[in-house]
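Down below is the structure, laid out as structure tokens.
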Amino acid sequence: MDKQDDPTEDSEHVLIALDQISQTIDVMNRIVARLRNHVEQQDTGKQADLKAEMRSDRVLH
1384 MDKQDDPTED SEHVLIALDQ ISQTIDVMNR IVARLRNHVE QQDTGKQADL
1434 KAEMRSDRVL H
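Put into structure tokens, the structure is as follows:
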């Protein structure tokens, strides 16, 4: 039997590929979480700036 036709080897290749895909997804999830955190921090900073500008003791012209 040809080594390329060996079902055991095919299964190993599939499992290796699935493991690599899983690792890639994990990395991408961490990147998305970091980006989300970054955007949320920027939003929080902008909201604080807006609140400072909208103080009741300030006169807006």
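My numbering applies: residue 1384 is where the sequence shown begins, and numbers increase by one. Ideal Cβ positions, reconstructed from N, Cα and C, are used throughout, including at glycine.
Apart from the 5 residues on each side of it in sequence, Leu1398 has no Cβ closer than 8 Å to any other Cβ in its chain.
For Asp1389, the secondary structure class from DSSP, reduced to helix, strand or coil, is coil. Here Ala1435 has no same chain residue with a Cβ atom under 8 Å from its own Cβ, once five neighbours each way along the sequence are excluded.
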